[in-house]
Structure formats: C-alpha cells, structure tokens
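K.L.:
Before I ask anything, here is the structure I am working with.
See the structure below:
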C-alpha cells in the first residue's frame, strides 16, 4: 500500500517531502517521523475498520429474518463481539489521535516532531502486537462475551479465546498510554515561540484532553483485563461469587475505563469539527475559552459517570441517583459546544465542501446521540430500555454519527495536506450525503424498535420487529457503500488529483503554512506565533 | 563530539529542555502506574470491607520475616539508586557504576527472597483452588490478592532490574554519558516500585498482626 502511494507521486523536480524522504520498507518501518507513523497507523486502523465492518454486515444480514436463519447462536455472539472489540479498540480509540493527532498536532503547534519520536514508532509496534493477539483470537474461533468481557461469563463459562482477546486489548492499551504521554509532553514542551495556551487550536486542545483521559483511564482497563486473565488462566477467584468474589467489581473497573473511552473517541472529533467549521464558515470559533473549558470539563467529569452503565446491575439506589445526576452534568459542556458551533455558523460565509458536510453531520447526529443519552441517564427510562436497541442506537449516534463523521471530516479536510492532492469534491460530497443518509436509515429505526422492546444481542426476535430490522439492514448497505466510496476516489486522487498547493481551503492553522505534503522537518524555519487561531475575519 | 551533544535527541534544542521532558514523561507514566495498581488496591479494599474476618485470618498466614527482609532490601536498593543519580550529577563515574550494580543486585536479592517465600507458600498450600486450607469466606480472596499483587510487583521489579542492568552496561562501555536524563528516569521508576512495595507490606503482612 505504501509503495503504491509512492509510485504514484510525480517524480519530476519534486520538493523534499516526508513521502520522498526514503522509499525503502525500512525507511517506513523504522521511521521516527510523526507523519510517517501517522500513515502507518492510518493503514492499520483502516484494515480493522473494514474487518469490524464485515462482521457487522453479517450481523445485519442475519437480522433481516426474525428466525435466525443463517447463523447459530454461537456464531452470532462471536460476530457482534468481534465487531465491538475491533471497532472500539482497534479503530475508534486510536482513530483520530494516532492518525490526524500524530500527523497534525505537532505541526499545529509549530514543532518539528512529537516529544519522543522513538516512543511514537514504538507505540505503533505495541499496537501491532496487540492487533496480532486479536487476529489470533479471531482465527482461533473468536470470543462470545460481548466487547464488555463481563464476569463470570468471561472467566468461568465462555468458550473461545478470551485470554488472547483480553491480551490483545491489554497490549493495545499500552500503545494508547505511550501515545497519550507523548502528546501531553509535546503540547507542554514543544510549542513554538508565541504559541501560548490561549492560542492553541481547538484540535490541539481536544487531543490534549483526550491524552489525559487515555493515560488515566487505560491503566485501569489493563488491570481489569489482567484480573480476568488471572482468573480464567490461573484460577485466581477474583470475581467468582462461589468464593465470595463480586462480579459487580469487574463492571465498576471496566466502566471506569470504558465510559471515559467514549470521550477518547468523541473529543478528538469535536476538535476536528471546530477546525472545519471555522474554516468553511470563514469565522473564528464562537467562544474559544468556553470551548476549551468544556473540552477539559468533559474530560474530567467523564471520569465520574461510569455507574450509569450499571443502573440495573444491583448497585445501590443512592449510587444510581449520584451517577444519574453526574451524567446530566456532563451534558452541560457538551451542549455548550453544540451551541457554540451553531453560533459559529451564524453570520458566516458558509461553503458546503465535503469536510463541512461531514462536520455538520457530526453536529446533528451528536446532538441526537447526546439527547438520547439524557434519556438513558435518567434511571426510570434506562430501566425500561436497558439492553435494548435504544441503547445500541444511542451509542452508535455518538460513536459512528459523532466520532466516525469527525474522522471522515478530518480525512477530507487534511487529505490535501497529507498527500498533496485534491480529491474530486463532487464525489466526496456524494459520499458525505450517502453516509448521512445511510446512517439515519440504519440507526433511526433502532430507537423505535428498542423503545418497543427489541433486545440487543439476540438474533431470534419477535416478528413485530422485522420491519424495523429490514429497514436498518437496508441502511447498513447504504452505509457500507458510503464507507467504500472514499476508498476509491481517495486512492484515485493519489495519482490523478490536482496538486493541492499549500493551503487549498485558505485555512489559518500553522499546518497550512508549509508545503503539501510537508517536508520531514515540517517547516523550513522556526515559526513564531503572534496571533490567536481562527483569524478568518481578515481573509 | 561533546558528551552533551551525544545524549541530545531530536527534536530537542538543548539538554535541560530534554531532561525536563524526560522527567515530565516519566512522572506521567508513574501516574498511569498508580492507576494500574489502583485497580488492585480497589479490589483489595472492597473485599477487605466485605470480609474483614476472612482477611485477618488469611493475612495471619503470610510470612512476616520474608516480608520485612524484602522491605529492608528494596529500600536499601532505593538508597543506592538515589546515590547513583546524585553521583551522576557530580560526574563521579565509578560511584555511579558501583551504585547501579548494587541496585540491580539488591533487586535480584528481593526476587530470590520472594522466590523462597513463594516456595513456602505453595508447600503450605496457600494457592487459591479447591484444596485451599482456610475456609473462612474472604481468606482465599486475600490470598488471591496476595499472589496477584506480589506477582505484578515482581514483574515491575524485573523490568526495573533489566533497565538498571542496561544502564550499567551502557555506562561501562562509555555509551551513555553521565549527563543523560536516562539515569533519573530509571531512578524515578525504581522508586515507584519501591513505594508500591512499602504499601503492600502493611496490606499483606501487617494487618493480621495488629491485635
């Protein structure tokens, strides 16, 4: 793949770029350049995105019929587990930070590289080792615990390669930790002269906030998975009720990571959307300080809401009350962000390029996901719809409608910078519209069938839900087409796209002040920053 | 090439800046370690609160002689590690070398003592499973945490010994000048492993002997 990219670049009197710095395989695999590391990550997570997508395509195919015609119970369980594990840990968590964060964050603060370039490439190798464990678990027959690894199912009863899957996620977690530490150190210590904290682009702030969540939450996940392995493999009865162990303890530990993980997925997308909206509305982001404070408070308060995943698991009513209240609180900064994005659009000179379409999809879908999150944060409604498709629809609006839309917005916004080529804008806009349409058709019906009682994780269901499921599966086909489309036109653009120039969107970030693709050291001189970001009023 | 130039890595403009970054990053990593062990400490706390009797009965069976000897050993190793870092600042090469060797040896001694202790524990049957000798609810959970906590700690210590040994070899071959921030980075990690043991000592050895 990398060679394919390189072959297609025009060879004649090429300026120095990070791409033509070296053509050998080892110049990629042993690179310390943050931009090349970003490309390595991008290729790996794209691979996993399509594996996870293939798994869920089979699930949606199965759900067309209420009788479970195609798959056995066991196969069905393994497919949705595979989808969850791969999409969460091998696509969504690393997606924006390790690719666009890696590529752009150092450039946006005017740095030559991240703080620890060797640690950066090492974190990719750690990720690959984790991925190999996971692929092994997949080939060895998969796991049927759901992505949540709940005990005692995962420790005592589940068949399949639980240990390999847990080991894969455990190892990949250390890649997150290494990346998080690297990014925090970079933001603290590598900013160009004049790049004060109040001048950081919101994307940098979002990566910073995400990194804090990564380094504080991921170790707890690592320990809970280690405990599962200790129990399943070595017979240590940590969560076994027969020995007085408490399975709820596992759920607390697991969600202490896995709720903040939602913010690991969505905060970077919020950063992307802020950049894209400002550029295509030709206005400074409304309420910069409020945006920064809300990013950081989402990161902090996000640590205090995990108990809302456990309203029906037997925790005390008092705990339910507290976690419900805190979950409402975390909606406040999220709402501030949505209002500020809307206010950014107000009075702007808006152009609806592809990145803008994705960014606006993000706002709409994230708002629906967030509001239905409030339904779920209130205990009585949550008890009514627990483990139904209502929950599935809610978190897909946040993770796919939010995080994946943000990923595609970033992909289309910075593609010219990363590759030096423009993609065909009409195709990209068709892609963005198709994604939005496919998404709505897939997930909107899931709210209705969930509210009516369709449980998640069953492939045999009452016939009254078939119509909803058929619509949802049709939507999944549209969504699959929409996700495959960029693969073609973006690949096409590598060879045939128009050269992008430094700054095709007339954007203000530092990353646009260098050539596209950027040279190895990013800038030809040390930049000095003298103004706040988003100075679009004067352009 | 000057020693300073040899230890500066891209993208740092100066050694003090790089040192600041390394120290900062190691502290961040120590924060992740605290949360990593935090999962175990939380589990221990919950179960001790649920089964105070069982925990006391279980804890009376740990061997305090091993526990206290190892505490003395690991705290001495932290002393030699700290001296190594101070000596590196003063450019006392031979002192650094000796202290690093002493640190690694104390670390190994800890593991050897721990090995004898594990052997005794296994002989006496304190391995969670169907033949566990104590029947009070919670006693087996205590021993589960004893094994997992000490094992995770021992893995950390082993990694630490590996890093100290690497520093020693690099220093011996004159490949790592004393101005390198690596000495302080490794020392910070080493002290964390020591401190975690100091917390484990009361949790695993002392609680059963308070009354």
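Protein chains in written order, with the numbering used here: chain A, 139 to 677; chain B, 261 to 471.
Glycine included, each C-beta is placed from N, C-alpha and C at the ideal position.
Tell me, please, whether the CB atom of residue 301 of chain A is closer than 8 Å to any CB atom in chain B?
P.N.:
The residue given as residue 301 of chain A occupies position 163 in the first chain. No, no contact with chain B.
K.L.:
Suppose the cutoff is 7 Å on Cβ atoms and the five residues either side in sequence are ignored; what does the same chain contact list for residue 139 of chain A look like?
P.N.:
If you number the first chain from 1, residue 139 of chain A lands on position 1. Bear in mind that the predicted position of residue 139 of chain A carries a pLDDT of just 43, short of 50, making it too unreliable to give a figure here.
K.L.:
Curious, which full-length alpha helix (DSSP H) runs of at least 4 residues does the segment 400–456 of chain A contain?
P.N.:
For the segment 400–456 of chain A, whole alpha helix (DSSP H) runs of length 4 or above, ordered along the chain, are 426–439.
K.L.:
If we ignore side chains and look at the alpha-carbon of each, how far apart do residue 645 of chain A and residue 336 of chain A end up?
P.N.:
Translated into the one-based positions of the first chain, residue 645 of chain A becomes position 507. Translated into the one-based positions of the first chain, residue 336 of chain A becomes position 198. Approximately 19 Å, taken between the alpha carbons.
K.L.:
Nearest-angstrom Cα distance between residue 738 of chain A and residue 263 of chain B?
P.N.:
The structure shown does not extend to residue 738 of chain A, since chain A is modelled only from 139 to 677, so the question has no answer here.
K.L.:
Quick check on residue 376 of chain B: buried or exposed, where buried means 16 or more other Cβ atoms within 10 Å of its Cβ?
P.N.:
Here residue 376 of chain B refers to the residue found at position 116 when the second chain is read from its first residue. Exposed, since its Cβ has fewer than 16 Cβ neighbours within 10 Å.
K.L.:
Interface residues of chain B around residue 360 of chain A at Cβ under 7 Å?
P.N.:
Taking the first chain and counting its residues from 1, the one referred to as residue 360 of chain A is at position 222. Per Cβ cutoff of 7 Å: 296.
K.L.:
Within the 8 Å Cβ cut-off, does residue 255 of chain A reach chain B?
P.N.:
Here residue 255 of chain A refers to the residue found at position 117 when the first chain is read from its first residue. At least one chain B Cβ lies under 8 Å of residue 255 of chain A.
K.L.:
According to the Cβ coordinates, are residue 345 of chain B and residue 442 of chain B closer than 8 Å?
P.N.:
Translated into positions along the second chain, residue 345 of chain B becomes position 85. Translated into positions along the second chain, residue 442 of chain B becomes position 182. No. Outside cutoff.
K.L.:
Are any of the Cβ atoms in chain A nearer than 8 Å to that of residue 443 of chain B?
P.N.:
Residue 443 of chain B sits at position 183 when you count from the first residue of the second chain. No, residue 443 of chain B lies away from the interface with chain A (no Cβ there is under 8 Å from its Cβ).
K.L.:
Can you tell me whether DSSP reads residue 526 of chain A as helix, strand or coil?
P.N.:
For the purposes of this step, residue 526 of chain A is taken as the residue at position 388 of the first chain. Residue 526 of chain A falls in the strand class under three-state DSSP.
K.L.:
Would residue 349 of chain B pass as an interface residue toward chain A - the criterion being a Cβ-Cβ separation below 8 Å?
P.N.:
Taking the first residue of the second chain as 1, we reach residue 349 of chain B at position 89. By this cut-off, residue 349 of chain B is not an interface position.
K.L.:
Give me, in chain order, the residues of the same chain whose beta-carbon lies closer than 7 Å to that of residue 333 of chain A; leave out the 5 immediate sequence neighbours on both sides.
P.N.:
Here the question's residue 333 of chain A lines up with position 195 in the first chain. Excluding positions up to five away in sequence, the list reads 247, 248, 667.
K.L.:
Ordered along the chain, which non-local residues of its own chain (more than five positions away) have a Cβ less than 8 Å from that of residue 290 of chain A?
P.N.:
Counted from its first residue, the first chain places residue 290 of chain A at position 152. Excluding positions up to five away in sequence, the list reads 377, 378, 379, 385.
K.L.:
Just the C-alpha distance for residue 144 of chain A and residue 287 of chain B, rounded to the nearest angstrom, thanks.
P.N.:
One-based indexing of the first chain puts residue 144 of chain A at position 6. One-based indexing of the second chain puts residue 287 of chain B at position 27. Unreliable positioning characterises residue 144 of chain A in this predicted model, as indicated by a pLDDT of 49, which lies under 50. A coordinate reading is not provided.
K.L.:
Kindly say whether residue 267 of chain B, judged by its beta-carbon, lies nearer than 8 Å to any beta-carbon of chain A.
P.N.:
Reading the second chain from its first residue, position 7 is the one you call residue 267 of chain B. Chain A, which has no Cβ nearer than 8 Å to the Cβ of residue 267 of chain B, makes this no.
K.L.:
Taking the Cβ atom as the reference point for each residue, do residue 86 of chain A and residue 559 of chain A lie within a distance shorter than 8 Å?
P.N.:
Because chain A spans 139 through 677 in this model, residue 86 of chain A falls outside it and cannot be assessed.
K.L.:
Going by DSSP in three states, residue 637 of chain A sits in which element: helix, strand or coil?
P.N.:
Numbered from 1 along the first chain, position 499 holds the residue referred to as residue 637 of chain A. The answer is strand: DSSP assigns residue 637 of chain A an E or B state.
K.L.:
Beta-carbon within less than 8 Å of residue 214 of chain A's beta-carbon, same chain only, minus the 5 sequence neighbours each way: which residues are those?
P.N.:
Reading the first chain from its first residue, position 76 is the one you call residue 214 of chain A. The answer, listed in chain order, is 197, 200, 206, 597.
K.L.:
Considering only C-alpha positions, which residue in the set B/357, B/291, B/411 is nearest to residue 497 of chain B?
P.N.:
For residue 497 of chain B there is no data in the structure shown, the boundaries of chain B being 261 and 471.
K.L.:
What residues are listed by DSSP as bridge partners for residue 593 of chain A?
P.N.:
The residue you call residue 593 of chain A lines up with position 455 of the first chain. Looking at the DSSP assignment, residue 593 of chain A forms a beta bridge with A/526.
K.L.:
Closest to residue 245 of chain A by C-alpha separation, out of A/348, A/339, A/418, A/257, would be which residue?
P.N.:
For the purposes of this step, residue 245 of chain A is taken as the residue at position 107 of the first chain. The option with the nearest alpha carbon to residue 245 of chain A is A/339.
K.L.:
Taking residue 489 of chain A as the reference, which of A/414, A/618, A/561, A/469 has the closest Cα?
P.N.:
By 1-based counting over the first chain, the position of residue 489 of chain A is 351. For residue 489 of chain A, the nearest C-alpha among the options comes from A/414.
K.L.:
Considering only the alpha carbon of each residue, which of B/280, B/269, B/276, B/458 lies closest to residue 409 of chain B?
P.N.:
The residue labelled residue 409 of chain B in the question sits at position 149 within the second chain. Considering only alpha carbons, the answer is B/458.
K.L.:
Could you name the residues of the segment 240–253 of chain A whose beta carbon sits closer than 7 Å to any beta carbon of chain B, in the order they occur along the chain?
P.N.:
Within the segment 240–253 of chain A, the qualifying residues are 249, 250, 251, 253.
K.L.:
Taking Cβ-Cβ distances below 7 Å as the criterion, which residues of the segment 382–393 of chain B are in contact with chain A?
P.N.:
Answer in chain order: 388, 389.
K.L.:
Using a Cβ-Cβ cut-off of less than 8 Å, give me the residues of the segment 320–336 of chain A that come near chain B, in sequence order.
P.N.:
Result list: 320, 322, 323, 326, 327, 328.
K.L.:
According to the neighbour-count rule (16 or more other Cβ atoms, all chains shown, within 10 Å of its Cβ), is residue 150 of chain A buried or exposed?
P.N.:
Reading the first chain from its first residue, position 12 is the one you call residue 150 of chain A. Residue placement at residue 150 of chain A is flagged as unreliable, the pLDDT there being 48, under the threshold of 50; the coordinate-derived value follows with that caveat. Per the 10 Å Cβ criterion, exposed.
K.L.:
In its own chain, which residues sit with a C-beta less than 6 Å from the C-beta of residue 320 of chain B, not counting the 5 before and 5 after it?
P.N.:
Taking the second chain and counting its residues from 1, the one referred to as residue 320 of chain B is at position 60. These residues qualify, in order along the chain: 468.
K.L.:
Who are the neighbours of residue 300 of chain B on chain A, taking C-beta pairs under 7 Å?
P.N.:
In the second chain, residue 300 of chain B corresponds to position 40, counting from 1. Within 7 Å Cβ-Cβ: 361.
K.L.:
For chain A, find out if any of its Cβ atoms is closer than 8 Å to the Cβ of residue 303 of chain B; answer yes or no.
P.N.:
Here the question's residue 303 of chain B lines up with position 43 in the second chain. By this cut-off, residue 303 of chain B is an interface position.
K.L.:
Does DSSP put residue 663 of chain A in a helix, in a strand, or in coil?
P.N.:
As a position in the first chain, residue 663 of chain A is number 525, starting the count at 1. Note: residue 663 of chain A maps to coil in three-state DSSP.
K.L.:
Counting only beta-carbon separations shorter than 8 Å, does residue 448 of chain A have a partner in chain B?
P.N.:
Here residue 448 of chain A corresponds to residue number 310 of the first chain, with the count starting at 1. Not an interface residue.
K.L.:
Within its chain, find whatever has a CB closer than 7 Å to the CB of residue 169 of chain A; leave out the 5 residues flanking it on each side and keep chain order.
P.N.:
For this step, residue 169 of chain A is matched to residue 31 along the first chain. Cβ neighbours of residue 169 of chain A beyond the five flanking positions: 175, 259.
K.L.:
What do you get for residue 484 of chain A, buried or exposed, if any count of 16 or more other CB atoms within 10 angstroms of its CB means buried?
P.N.:
As a working mapping, residue 484 of chain A is identified with position 346 in the first chain. It is exposed - the Cβ of residue 484 of chain A has fewer than 16 other Cβ atoms within 10 Å.
K.L.:
Could you tell me if residue 164 of chain A is buried or exposed, where buried requires 16 or more neighbouring beta carbons within 10 angstroms of its beta carbon?
P.N.:
The sequence position of residue 164 of chain A within the first chain is 26, counting from 1. Exposed is the call here.
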